[in-house]
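What follows is a single structure, written as structure tokens, with notes after it.
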Amino acid sequence: MIVGLEEIGQRASTGVLPGGDQVDVLVGDAYRFALRGTGGEVADYIPALAHADPELFGVAVAEVGGGLHAVGDTGVPFSIQSISKAFVYALVCQSLGHEQIMARIGVNNTGLAFNSVIAIELNDGHPMNPMVNAGAIATTALMPGNTAEQQWEAIQTGLSAFAGRTLALDDDVYRSEAATNQRNRAIARLLESYQRIDVDPLAAVDVYTRQCSLLVTAKDLAVMAATLADGGVNPVTGRRVVSATVCRDTLAVLATNGLYERSGEWLFDIGLPGKSGVAGGIMAVSPGKAGIGTFAPRLDPAGNSVRGQLAAAHLSRALGLNIFASDAAVPEADREAG
Ligand code: GLU
1006 MIVGLEEIGQ RASTGVLPGG DQVDVLVGDA YRFALRGTGG EVADYIPALA
1056 HADPELFGVA VAEVGGGLHA VGDTGVPFSI QSISKAFVYA LVCQSLGHEQ
1106 IMARIGVNNT GLAFNSVIAI ELNDGHPMNP MVNAGAIATT ALMPGNTAEQ
1156 QWEAIQTGLS AFAGRTLALD DDVYRSEAAT NQRNRAIARL LESYQRIDVD
1206 PLAAVDVYTR QCSLLVTAKD LAVMAATLAD GGVNPVTGRR VVSATVCRDT
1256 LAVLATNGLY ERSGEWLFDI GLPGKSGVAG GIMAVSPGKA GIGTFAPRLD
1306 PAGNSVRGQL AAAHLSRALG LNIFASDAAV PEADREAG
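Read in order, the letters of the sequence shown correspond to residues 1006 to 1343 in our numbering.
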């Protein structure tokens, strides 16, 4: 860890989106482009998810100025699943701070599946990063609150503030996962054996399972992502949810770990911090510009929505969102003329 960095002021590196009408057109283009993604399977390891209609598909973009652009099934609710990890991490960052969260949870990729037990063993019980289940459960356990119930309330309130509306729990998905999440319970017990968790591990898994069962729409994901893109202020409600520093730290973790074992490929193709969930949601964040939310339940073998990735890739290029893309400050023709 680099000591003393937090004393240096953080300048933003941001640009502007094209005018509103053009964004509408490009969101439509991205939707049509992504329809070519006809492969993939709906997740069924959580039994309740297997019932999802595989053809549902929606794409939404929320601008930091508050504008919303949506095409397709962007009002259909689905469980947020792993995408909740990003927002719970942000809430815990807010209460713990940069150095504590780095030491307790970590930021490096495991290179292994999101629910890997081997990754914990290989790293002396360290959860490694908050986007794999070990790190996510350990992060949930760090939420402010004296009881699991208080932690759950803080999560539901916090994620609702990101969305700008009260998010409800999908009871069927919660019960279905709670009945079949032996692996997550084993992960929590393993963390406990390494003294990496300070609360009742099974209570932490229960809160984690509930956070994964919160219902969102693609529009909600776009607004939640736009809040991370807007220095922590929800651009629709105008309310601050977390600090700009917390957004920066959360986005760094998403860039390296947000898309399971495909995080490198995602960054190479799309160039944005993002997070996917096994119910078919993806959110991506373009700092200072916009948030993207997509929903399409068919997943690739790593667990990422096939159509969501295609739509995000199209938008990243067409809207100029890729954080690694730049043009020469002085165009070559002007340089020669000068
Ligand atoms: N609740 C799911 C689990 O822990 C989330 C998985 C995901 O979306 O990656 O298995």
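All C-beta atoms, glycine included, are put in the ideal place defined by N, C-alpha and C. Remember, it's a predicted structure, so these values are computed and weren't measured experimentally.
Rounded distance between the beta-carbons of residue j and residue i, thought under 8 Å
| i | j | result |
| --- | --- | --- |
| A1289 | L1277 | 4 Å |
| R1190 | V1210 | 5 Å |
| T1079 | V1064 | 7 Å |
| F1083 | G1236 | In fact, because the Cβ distance is near 28 Å, the residues do not count as touching under 8 Å. |
| H1074 | V1066 | 5 Å |
| G1308 | F1119 | 7 Å |
| Y1199 | D1129 | 7 Å |
| L1061 | A1301 | 7 Å |
| L1320 | L1031 | 7 Å |
| R1201 | P1132 | 6 Å |
Residue i CB to nearest heavy atom of the ligand GLU below 7 Å
| i | result |
| --- | --- |
| Q1086 | yes |
| N1114 | no |
| V1064 | no |
| G1308 | yes |
| F1092 | no |
| C1217 | yes |
| G1282 | yes |
| E1182 | yes |
| F1119 | yes |
| N1327 | no |
| N1262 | no |
| N1189 | yes |
| N1134 | no |
| N1138 | yes |
Beta-carbon proximity of residue i to residue j, cut-off 8 Å
| i | j | result |
| --- | --- | --- |
| D1034 | A1323 | yes |
| G959 | I1287 | This structure cannot settle anything about residue 959, because the visible part of the chain is limited to 1006 through 1343. |
| K1224 | G1020 | no |
| T1145 | Y1050 | no |
| G1282 | S1087 | yes |
| G1045 | R1303 | yes |
| D1254 | H1103 | yes |
| A1139 | I1125 | yes |
| Q1099 | V1251 | yes |
| R1041 | L1315 | yes |
| V1122 | L1195 | yes |
| V1178 | A1053 | yes |
| A1193 | L1207 | yes |
| G1169 | V1247 | no |
| G1071 | G1025 | no |
| V1081 | T1115 | no |
Neighbourhood of residue i by C-beta, 8 Å cutoff - its chain only, sequence neighbours within 5 removed
| i | result |
| --- | --- |
| A1159 | L1096, M1148, P1149 and G1150 |
| A1183 | D1211 and T1214 |
Same chain only: Cβ atoms within 7 Å of residue i, ignoring 5 sequence neighbours per side
| i | result |
| --- | --- |
| V1085 | The sequence given here places Ile at residue 1085; Val does not occur at that position. If we look at I1085 and ignore the five residues flanking it on each side, its Cβ neighbours are C1217, L1219, V1221, G1282 and G1286. |
| A1234 | V1069, V1290, S1291, P1292, G1293, K1294, A1295 and G1296 |
| P1135 | K1090, Y1094, I1110, A1141, T1144 and V1258 |
| A1260 | L1272 and P1278 |
| R1267 | A1307 and N1309 |
| A1249 | G1236 and G1237 |
Beta-carbon contacts of residue i that lie in its chain and below 6 Å, excluding the five residues immediately before and after
| i | result |
| --- | --- |
| Q1156 | M1148, G1150 and V1212 |
| V1238 | R1245 |
| G1163 | L1096 |
| E1197 | P1206 |
| P1059 | V1047, P1302 and R1303 |
| N1262 | N1114, N1134, M1136 and S1268 |
| Y1265 | F1119, A1307 and G1308 |
Test: residue i CB closer than 8 Å to a CB of chain C
| i | result |
| --- | --- |
| D1029 | Absent from the structure is chain C; it holds one protein chain and no more. |
Distance cut-off 7 Å: residue i Cβ against heavy atoms of the ligand NAD
| i | result |
| --- | --- |
| A1260 | Only the ligand GLU can be found as ligands here, which leaves the ligand NAD out of the picture. |
Task: Whole alpha helix (DSSP H) elements within the region 1246-1320, 4-residue minimum - done: 1249-1262 and 1268-1274
- [ ] Mind listing, in chain order, the continuous beta strand (DSSP E) runs of no fewer than 3 residues lying wholly within the region 1191-1229?
- [x] none
Task: 3-residue-minimum beta strand (DSSP E) runs that sit fully inside the region 1060-1142, ordered along the chain - done: 1063-1068 and 1073-1077
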